[in-house]
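Asks: If you're matching positions, the sequence shown starts at 1 in the numbering used here and goes up one per residue.
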Amino acid sequence: MGSTSRLHKGLGTVVFVLVTLCVMGWAVFAVRHVVMWGSVVRGAVMGAAVGLALLATWAGLRYRSRLAAGLGSRRAALGIGAAIVLLAVLLRVLALVAVPVAPRSDAAQYMKTGKAVARGEQYHISVFHQRVLSAPPPGYALLLAGGYRLFGEQEWVAPAINLLLGLGIALGGAWLAAGLGGQAVGLVALAVLALLPLNVAWIWLGLSEVPFGAFLLLGLACVGAGRAAPGAARAVALSGAGGLVLGYSALCRPQALLVVPFALLLAIRWNRPGRLGASVALLAGLALAIAPWTLRNYLVHGGRFVLIATNGGPVFYSGNSMNGHPAEGGKYHEEAYARLSAWCPDEIQRDKLGYRLGRQEIAADWSCFLESLLYRYEAMWSAHLQPLVYAQLGEGARSAVAALVLWGYWFIPALYLVNWSRVRRLFRQSALAQGLGAVYATYMVALIPFEVNERSHYPAMLLPLVLALGGLLRKQGGGQAEAGESCAS
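1. Confirm, please, whether the CB-CB distance from L244 to G213 is below 9 Å.
2. Secondary structure at R6, three-state DSSP: helix, strand or coil?
3. With DSSP run on the structure shown, which of helix, strand or coil describes V132?
4. According to DSSP, simplified to helix, strand and coil, what is S279?
5. Give a yes or no on whether the C-beta atoms belonging to A247 and A289 are separated by under 9 Å.
6. Would you identify the three-state DSSP class for P387, choosing helix, strand or coil?
7. For I125, write down the residues that DSSP places opposite it in a beta bridge.
8. DSSP on V405, reduced to helix/strand/coil?
9. Could you check if S126 is buried or exposed, using at least 16 other CB atoms within 10 Å of its CB as the buried criterion?
10. Going by beta-carbon coordinates alone, are A441 and C22 separated by less than 9 Å?
11. Applying the 10 Å Cβ sphere with the 16-neighbour rule, what's the burial state of M36?
12. Reducing DSSP to helix, strand and coil, say where I161 ends up.
13. Less than 9 Å between the C-beta atoms of T113 and A160, yes or no?
14. Should the segment 50-61 be called in touch with the segment 415-422, which here means at least 3 C-beta pairs below 8 Å?
15. Where does F369 land, buried or exposed, given buried means 16+ other C-beta within 10 angstroms?
16. So, is G470 buried or exposed, given that buried needs 16 or more other C-beta atoms within 10 angstroms?
17. Apply the 10 Å Cβ neighbour rule to P387 and answer buried if 16 or more other Cβ atoms are within range, or exposed otherwise.
18. When the Cα of T13 is compared with those of A403, V97, A438, R253, which residue comes out closest?
19. Taking the beta carbon of E347 as the centre, do at least 16 other beta carbons fall within 10 Å, making it buried, or is it exposed?
20. What does a CB cutoff of less than 8 Å around L207 pick up in its chain, not counting 5 residues either side in sequence?
21. Give the range of the alpha helix (DSSP H) segment to which F215 is assigned.
22. W407 to V45, Cα distance in whole Å?
23. Give the straight-line distance between the Cα atoms of G242 and P345, rounded to the nearest whole angstrom.
24. Below 7 Å CB to CB, which residues in the same chain sit around F29 once its five sequence neighbours on both sides are set aside?
25. Could you check what DSSP says for N271 in three-state terms: helix, strand or coil?
26. In its own chain, which residues sit with a C-beta less than 7 Å from the C-beta of Q154, not counting the 5 before and 5 after it?
27. Just to confirm before moving on: does the CB-CB distance between L286 and V260 stay below 9 Å?
28. To the nearest angstrom, how far is the alpha carbon of L307 from that of D351?
29. Could you tell me whether any Cβ in chain C is nearer than 9 Å to the Cβ of L465?
30. State the Cα-Cα distance for the pair Q122 and H301, rounded to the nearest angstrom.
31. What do you reckon, are the CB atoms on P449 and F316 nearer than 9 Å?
32. Give me the Cβ distance between A184 and A82, rounded to the nearest whole Å; I'm assuming they're in contact under 8 Å.
33. What do you reckon, are the CB atoms on L193 and V223 nearer than 9 Å?
Right under this line is the structure:
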């Protein structure tokens with residue numbers, strides 16, 4: 001038992017160090033952008049974010065017990081949670097009415113594809129005048145297609161779906177936070193995730209990061225809920241549901257497959273009475289979500305295998321077409337896509353060729369690749385005057401919206417780092433925290449070789465917020481949510 005406890009705490013320390021390094025880099029680049037693109041407004045917004053993180057920490061430590069006692073009633077908690085959700089919906093509807101946004105670029109492509117599928121056409125896009133049948137990943141376009149099929153090709157369909165996905169992000173994050181520290185922590189997380197301006201702003205963004213973030217958090221929450229299941233049957237059902245939801249998140253962005261080993265590990269660890277059944281159910285749910293699309297790919301490509309999408313290779317090649325300039329690492333290079341399309345009209349072969357050429361680019365100049373890592377990582381926090389929704393807004397709304405979104409960029413790392421000692425204890429005590437931290441660190445590292453931008457990190461950046469709140473408000477040494485998960489078990 002003692003060795004198990006030491007192993008558990010050691011793993012927690014390792015994961016804590018990895019997550020903290022990622023968040024420290026996030027904070028460093030946030031400060032750097034204030035200096036590089038400095039203005040009084042930008043500095044004031046960052047100062048307000050850090051100040052609020054300090055205030056939240058003080059209030060959380062001072063009133064933690066009182067908060068937990070005041071929210072002890074299940075009826076009170078449900079009432080407060082419902083009020084938060086209603087307020088979140090109202091804020092998003094007001095944002096849509098106040099700032100109508102015309103879809104552009106990839107957002108317009110997703111909507112066009114969704115409408116075509118709703119009309120019964122084959123899923124496809126056109127890239128450099130070539131018909132592509134299995135790119136981009138279909139998850140978001142299929143969600144839009146379902147909405148258009150039910151309600152017609154109305155302008156409000158895509159924002160309405162985004163509104164529901166935004167609530168999914170808040171509810172999934174709240175469930176995970178409750179697993180870390182109990183009901184009060186979950187409600188605080190629900191309020192922050194539902195009302196954070198950064199998340200409200202995503203109502204405008206018609207891109208796959210939105211459903212990916214929602215299904216990622218909801219899938220992890222389903223697997224996590226199996227820990228508290230009173231019997232093996234419920235644990236198996238929850239793990240299966242988690243696998244199904246994580247599978248759909250992979251259809252939105254295949255990087256979700258990276259979290260499956262951690263979700264599987266958590267299912268095995270938590271559901272000891274039915275750990276084999278829970279593990280099988282998780283994998284079965286994952287396969288059930290992905291298999292129909294894989295079968296569709298097999299049929300439309302004449303018996304050739306494509307798991308989800310064929311754009312990974314071109315994205316990998318584009319991100320590494322630096323031509324000796326490290327600052328170009330991770331950027332979108334249209335000429336790289338054009339070369340691949342000219343060299344290889346077949347999309348499956350083009351996908352394989354993209355991976356091969358990308359590896360050759362890296363191997364040919366390792367020093368350039370390593371130097372580019374700093375620029376790539378910085379690109380994920382490139383919160384200057386074009387964060388998230390900025391490119392889709394009119395001139396009049398840009399300054400206000402950018403300031404609100406930037407506030408979210410700086411509040412999250414500030415809250416995590418201010419509470420780093422409490423988060424460290426959380427990692428050493430909680431397998432759930434270790435699993436979420438491992439998901440975050442793995443996702444961040446795996447993004448680096450590809451194209452990266454200020455949207456790339458969004459689905460995973462909410463996990464440090466959940467961990468920070470859990471460390472701040474959790475009863476140290478255990479807590480009601482961790483009753484079945486002792487260090488020495």
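The beta-carbon is built from N, C-alpha and C at its ideal position, and this holds for glycine as well.
Replies: So, to answer that:
1. no
2. helix
3. strand
4. helix
5. A small correction: the amino acid at residue 247 is Gly; Ala does not occupy that position in the sequence shown. Yes, they are a contact pair.
6. Note that P387 has pLDDT 45, beneath the 50 cutoff, so the model's placement of it is unreliable and no number is given.
7. The partner list for I125 (beta bridge, DSSP) reads V132.
8. It is helical.
9. exposed
10. yes
11. exposed
12. helix
13. no
14. yes
15. buried
16. Residue environment: G470 is assigned as buried (16 or more neighbouring CB atoms within 10 Å of its CB, all protein chains considered).
17. Reliability of the predicted coordinates at P387 is poor, the pLDDT of 45 falling under 50, and no value is obtained from them.
18. A438
19. buried
20. D106, A107, Y110, Y140, R455
21. Looking at the DSSP string, the run of the alpha helix (DSSP H) that includes F215 is 209-225.
22. 6 Å
23. Distance between the alpha carbons of G242 and P345: 38 Å.
24. E378, W381
25. Reliability fails at N271, whose pLDDT of 49 lies under 50, so the model's placement of it is uncertain and no value is given.
26. Correct list: empty, nothing qualifies.
27. Yes, the pair counts as a contact, with Cβ atoms nearer than the cut-off.
28. Rounded to the nearest angstrom, the two C-alpha atoms are 12 Å apart.
29. No chain C appears in the structure shown, which is made up of a single protein chain.
30. If you draw a straight line from the Cα of Q122 to the Cα of H301, it is about 13 Å long.
31. Going by beta carbons, P449 and F316 fall inside the 9 Å limit.
32. Actually they are not in contact, since the Cβ atoms of A184 and A82 sit about 16 Å apart, beyond 8 Å.
33. no
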